[in-house]
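Novice: So that we are looking at the same thing, I have put the structure below in structure tokens.
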Amino acid sequence: MPCSLFLSQTLYANTLHSEFFGENSRWSIDASTRLTHNIEKNKNAFMHVLGLDIHSVFSSTAQDIGTLTFQPYIVKLNNVQKAPFIFDNGNDTQLTWRIANFNYTGLNQGKFNIRVGHFEIPFGLEYQIDTNGTLRQLTTSDRGIKADWGVSVNGILPNVEYEIALTRGSGNEIKSTGNPHIFSGRVGTSSNKNIVTGISWFTGDVLGGNGITNRKKIGIDASYYYYQWQFMFESSIGQTAGNDTLNSFAETRWNNTQESLSSYFQLGYQSTEINHEVNNKTHSTSYWSAGIQWLSYQGFDISAQYKHKLKDTPTIDIDPLLSVQLRYRM
94 MPCSLFLSQT
104 LYANTLHSEF
114 FGENSRWSID
124 ASTRLTHNIE
134 KNKNAFMHVL
144 GLDIHSVFSS
154 TAQDIGTLTF
164 QPYIVKLNNV
174 QKAPFIFDNG
184 NDTQLTWRIA
194 NFNYTGLNQG
204 KFNIRVGHFE
214 IPFGLEYQID
224 TNGTLRQLTT
234 SDRGIKADWG
244 VSVNGILPNV
254 EYEIALTRGS
264 GNEIKSTGNP
274 HIFSGRVGTS
284 SNKNIVTGIS
294 WFTGDVLGGN
304 GITNRKKIGI
314 DASYYYYQWQ
324 FMFESSIGQT
334 AGNDTLNSFA
344 ETRWNNTQES
354 LSSYFQLGYQ
364 STEINHEVNN
374 KTHSTSYWSA
384 GIQWLSYQGF
394 DISAQYKHKL
404 KDTPTIDIDP
414 LLSVQLRYRM
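All the letters of the sequence shown, read from the start, carry residue numbers 94 to 423 under the numbering used here.
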């Protein structure tokens, strides 16, 4: 059974007001190192990260004009077996973008905004919760892309929140071969309620390691908050390269009253048609994950996660992973 150990160390530049970035700005510096150990294959892999995180609100005398989020990260890989396709190999270094966009909010008091730049694809649970740089991930793997370059309209109405986006389809890179593109969106109930529901769609050609793949998804999600507990569910149906897909995900999460300690348990299921032009056979896989996270007031973030497959098939493989991460933001 393969296991992995992730160690991460982060330098966080304390949320400071700076004349350089502006009075309504905060910034941080993020440096991290991860070690991945596969016990079954007896191999180690490393990932080193150095990044900058800037968040700035621009205002006039009457109202806020917009929000700038700028998060460039330099990532260096060493001996990584399954490197993301933006890297040339498992020993490469690349400039990556987590979030880098400006959201113009000066049109209609936040009810109709325009976002331009690199932002998370508006779809399901992953769009609502910031999991960047953490062990805890939700449903991004289903779509093959988490964030992309493009433009969106978004807003918060009395009982509805929405974002509709047209993006490049190439993820980290603005330029790409072919003509990838994505049209996506999510419309949901107010996120400050105890019960939050939403419907999402995703259609387009996505750039990946094997070239461009056509993907279509429609999904529903729901979250329920009860004191320190959070229950989440997402399910989607669609097609990948013309083959029918079905994906479901559920998570239960607990926070202590100070929100410094949390734990979670996840269940995931995926079913994919093998070749719709030949037959209607499908392959399916399922897994469970359990994790814990501790946040200190000094900026330390220590977390651990174990992911174990319940069922897999030759075309859909999920490696059991034991992960540990240490993060420090100053």
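C-beta: ideal position from N, C-alpha, C; glycine also.
What does a CB cutoff of less than 7 Å around H401 pick up in its chain, not counting 5 residues either side in sequence?
Specialist: Closer than 7 Å at the Cβ level, and outside the excluded window around H401, lie Y380, W381 and P413.
Novice: Excluding the five sequence neighbours on either side, which residues of its own chain have a C-beta within less than 7 Å of the C-beta of V209, listed in chain order?
Specialist: Closer than 7 Å at Cβ, skipping near neighbours: N194, F195 and V244.
Novice: CB Y362 to CB E344, shorter than 8 Å?
Specialist: Contact: no.
Novice: So, with DSSP's three-state summary, where would you put G297?
Specialist: Note: G297 maps to strand in three-state DSSP.
Novice: Could you compute how far the alpha carbon of T338 sits from the alpha carbon of Y320?
Specialist: C-alpha separation (whole angstroms): 35 Å.
Novice: Assign W322 to buried or exposed, taking buried as 16 or more other Cβ atoms, counted over all protein chains shown, within 10 Å of its Cβ.
Specialist: The residue is exposed, with fewer than 16 neighbouring Cβ atoms inside 10 Å.
Novice: Would you mind sorting W120 into buried or exposed? The rule is 16 or more other CB atoms within 10 Å of its CB.
Specialist: So W120 counts as buried.
Novice: Output the boundary residues of the beta strand (DSSP E) element that contains E370.
Specialist: First-last for E370: undefined, no H or E at that position.
Novice: In whole angstroms, what separates the C-alpha of T129 from that of T227?
Specialist: Cα-Cα distance, rounded: 14 Å.
Novice: Which residue marks the beginning of the beta strand (DSSP E) containing L218, and which one marks its end?
Specialist: Not the beta strand (DSSP E): L218 falls in the alpha helix (DSSP H), residues G217 to Q221.
Novice: Whole-angstrom Cβ separation of A258 and G278, contact assumed at under 8 Å?
Specialist: The pair is a contact, with the Cβ atoms about 6 Å apart (cut-off 8 Å).
Novice: By the DSSP assignment, the beta strand (DSSP E) with P165 in it spans what residues?
Specialist: Taken as a continuous stretch (DSSP letters only), the beta strand (DSSP E) holding P165 covers D157 to N171.
Novice: Cα separation between D123 and A383?
Specialist: So the alpha carbons of these two residues sit roughly 26 Å apart.
Novice: Label N247 either buried or exposed according to how many other C-beta atoms from any shown protein chain fall within 10 Å of its C-beta, with 16 as the threshold for buried.
Specialist: With 16 or more Cβ atoms within 10 Å of its Cβ, N247 is classed as buried.
Novice: Name the DSSP beta bridge partners of R208, please?
Specialist: Answer is N196 and S245, bridged to R208.
Novice: What distance in whole Å lies between the Cβ atoms of G159 and G199, which are believed to be in contact at a cut-off of 8 Å?
Specialist: Rounded, the Cβ-Cβ distance is 6 Å, consistent with contact.
Novice: Check each candidate in L415, G304 and L161 and name the one with the smallest Cα separation from I424.
Specialist: A query on residue 424 cannot be resolved here, the shown segment of the chain reaching from 94 to 423 and no further.
Novice: Please report how far the alpha carbon of F178 lies from the alpha carbon of I167, in whole angstroms.
Specialist: F178 and I167: Cα-Cα distance of roughly 15 Å.
Novice: CA-CA distance, F212 and G144?
Specialist: Approximately 16 Å between the Cα atoms of the pair.
Novice: Decide if K404 is buried, meaning its Cβ has at least 16 other Cβ atoms within 10 Å, or exposed.
Specialist: Looking at its Cβ environment, which holds fewer than 16 other Cβ atoms inside 10 Å, K404 is exposed.
Novice: Using the Cβ count rule (16 or more neighbours within 10 Å means buried), how would you classify Y390?
Specialist: Y390 should be labelled exposed.
Novice: Let me check understanding here. Comparing Cα to Cα, which of V142, P251 and S316 lies closest to L419?
Specialist: Measuring from the Cα of L419, the nearest candidate turns out to be V142.
Novice: So, for T186: in the same chain, excluding its five sequence neighbours on each side, which residues have a beta-carbon less than 6 Å away from its beta-carbon?
Specialist: Contacts found: K169.
Novice: Can you find the residues in the same chain that come closer than 8 Å, C-beta to C-beta, to N184, ignoring five residues on each side of it along the sequence?
Specialist: Contacts found: L170, N171, N172 and V173.
Novice: Smallest Cα separation from V371: which of Q359, Y399 and G335?
Specialist: Closest option to V371, Cα to Cα, is G335.
Novice: Considering only C-alpha positions, which residue in the set L161, A155, G302 and F180 is nearest to M140?
Specialist: The option with the nearest alpha carbon to M140 is F180.
Novice: Only counting the same chain, and skipping five residues up and downstream in sequence, which positions put a Cβ closer than 8 Å to that of L250?
Specialist: For L250, where only same-chain residues beyond five positions count, the Cβ hits under 8 Å are K204.
Novice: If we ignore side chains and look at the alpha-carbon of each, how far apart do C96 and E327 end up?
Specialist: Note that C96 has pLDDT 43, beneath the 50 cutoff, so the model's placement of it is unreliable and the number below is only indicative. Near 27 Å, if we compare the C-alpha coordinates of E327 and C96.
Novice: Express the C-alpha separation of E256 and S153 in angstroms, rounding to a whole number.
Specialist: In a straight line, the C-alpha of S153 is about 25 Å away from that of E256.
Novice: My assumption, with CB atoms under 8 Å, is that P215 sits in contact with W190. Please give the rounded CB distance.
Specialist: Not confirmed; about 17 Å, so no contact.
Novice: Are the CB atoms of S316 and V289 nearer to each other than 8 Å?
Specialist: A contact, by the Cβ cut-off of 8 Å.
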